[in-house]
Every structure is written in structure tokens, then in C-alpha cells.
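Here my numbering = 1-based position in the sequence shown + 2.
Positions of the beta carbon are idealized from the N, C-alpha and C atoms, including for glycine.
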Amino acid sequence: MEISCNSCQKKINIPDEKLPKGQAFNVTCPACKTKIRVDQHLTSAEAKESPEKPKEENQPEQTPQEEPANAPQMAVIDDFVDDDDNELVIYDEGDQIALILDTENKDLWTDILKAKDYKIQYAKSPEQAVHKMKFTQFHFVALSENFGGVTLEESAIYQSIIQLPMSTRRNVFVALSGNKFKTLNDMEAFQFSVNLVVNVKDYGKLGDILKKSIGEYEMFYKVFKETLKSIGKA
Numbered sequence: 003m004e005i006s007c008n009s010c011q012k013k014i015n016i017p018d019e020k021l022p023k024g025q026a027f028n029v030t031c032p033a034c035k036t037k038i039r040v041d042q043h044l045t046s047a048e049a050k051e052s053p054e055k056p057k058e059e060n061q062p063e064q065t066p067q068e069e070p071a072n073a074p075q076m077a078v079i080d081d082f083v084d085d086d087d088n089e090l091v092i093y094d095e096g097d098q099i100a101l102i103l104d105t106e107n108k109d110l111w112t113d114i115l116k117a118k119d120y121k122i123q124y125a126k127s128p129e130q131a132v133h134k135m136k137f138t139q140f141h142f143v144a145l146s147e148n149f150g151g152v153t154l155e156e157s158a159i160y161q162s163i164i165q166l167p168m169s170t171r172r173n174v175f176v177a178l179s180g181n182k183f184k185t186l187n188d189m190e191a192f193q194f195s196v197n198l199v200v201n202v203k204d205y206g207k208l209g210d211i212l213k214k215s216i217g218e219y220e221m222f223y224k225v226f227k228e229t230l231k232s233i234g235k236a
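So, in C-alpha cells, the structure goes:
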């Protein structure tokens, strides 16, 4: 699907598989950051052919007017109430995107991850986080063990992450934090099916912890992907 930004006229291509089926949704223009409302219901209605009216006798034929070359391909509405659940943010190729699910320490994660050039998103609940992951390929997820006031066993987002297909899961670095973990303990990380566990008492060293753990993760999967490519399975 292609839409046009009403502010800067940038053409925005959205893969069909990323579109919420039959729903209106919001898009942030990657060029000027204007928020755009896209209503697929209006588009579908406009696409249907209107029945041809019978021609009256002696009525001169009207020359069909050509549609302007820059006419929008979808109904785009700029005046709307912002709704995080329906906002589809378009990123540039190569952007690294992080989802922060730690309400109490959101600012800490944000500062550290922005310094590492991540684009940041947040969620207000485990269910909203699941919704966001359906439409965005996140490269990093910071998850607090009590995010949303539920245990990991009851957490929709945690259960969703550990059930991801391996081809998808290996491209997402998941950091799980809480009071019961031993920071950088690989066995605990393996037990909880995440890449890193962090005890909250070590948040003062979080920048160094992420530098070490992400570096090891990237090195491992670089070798892994090169091996798959060499045997023709990449």
C-alpha cells in the first residue's frame, strides 16, 4: 500500500502484511514526523464502482477529467485523536527499534538505548505490547518481571516472546529485569528464554552491562548467520 504525507508529500510504502485488517490506523511520516490517519473503510467504499447512470437524450457527453498525478491513493485524515494502539510508525531501513516495558525505569532504559542509536517505543500494558509486536520488528525488548502488575506466567507479552518462531526470536534481544535475578547469569537467562537477566540493584551499571551482553550477542549471531549462509541455509 502507498500513501502520501499531506505535509511534505513524501510517498510512504507500507507492506500489506503490516496493515491492521479492516481497521483505521495512524502513521508517522518518517520525513517530517507528521501523524497521518488512514481509514481503510473509506478506501474500500471509494474503490467500489458506482452504477452507471442512464444517459439522457441530447445531453452532451462530458469529457472525463484526469486525476492529478499526486492524488492520494487512500483517504488520509489529519485531524484525529491520537491513539497509540492504532499508530503505525514507519522507520527507515537499518533502524534499530527498542520496546521498553519497564514503567518505573523507563527513563533510564530510554537514555541508554538512545545513546546506542535505538529508536524507542513504549507500551502501557502487556496486551498493548503484544499488539505492537504484531506490526513492528523490534530488535530489543526491555521487560520488567512485574510489568503490567502480573507475573511472567500471566504476562501476555512474555508468553508471546518465548513462543516466537526461532527464525524471528534470534533477531530480538530480550533483557529481563527484576529483584530475583543474578545479573549476567547465562543459566538464568537460558531458563527464562531471554538473552540477558539484570538485577535492579545493578541498574547503575546498566550501560556497561548492555555493552557487554549485546556485543557478545551480535558476535555470536554474526558467526551463526555467516555459517548458515556458507551452507546455503541463510
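In this structure, LEU103 is the residue among ASN8, LEU103, HIS141 with its C-alpha nearest to the C-alpha of ASN148. Secondary-structure assignment with DSSP links SER6 through a beta bridge to LYS13. In this structure, the straight-line span from the alpha carbon of PHE142 to that of SER169 is close to 15 Å. With fewer than 16 other Cβ atoms inside 10 Å of its own Cβ, SER232 counts as exposed. Taking 8 Å as the upper bound for CB-CB distance, ILE99 and VAL29 are not in contact here, some 15 Å apart.
For the pair ASN197 and VAL176, the CB atoms are nearer than the 7 Å cut-off. Shown here for TYR124: same chain residues with a beta carbon closer than 6 Å to its own, the five before and five after excluded, namely ILE102 in chain order. Distance from the CA of LEU166 to the CA of ILE122, rounded to the nearest whole angstrom, comes to 21 Å.
One alpha carbon belongs to ILE16, the other to SER6, and they sit about 11 Å apart. By DSSP's assignment, PHE140 forms no beta bridge with any residue.
One Cα belongs to LYS108, the other to MET135, and the distance between them is close to 18 Å.
The way I'd put it, the segment 149–159 doesn't touch the segment 113–120; fewer than three beta-carbon pairs between them come closer than 8 Å.
For LYS108, no beta strand (DSSP E) segment is defined; the enclosing uninterrupted segment is the alpha helix (DSSP H) at 108–117.
Taking 7 Å as the cut-off, the Cβ atoms of ILE159 and ALA131 count as close. Residues of the same chain with a CB within less than 8 Å of the CB of ASP204, apart from the 5 flanking positions on each side, are THR185, ILE211 in chain order. With a 10 Å radius around the Cβ and a threshold of 16 neighbouring Cβ atoms, CYS31 comes out buried.
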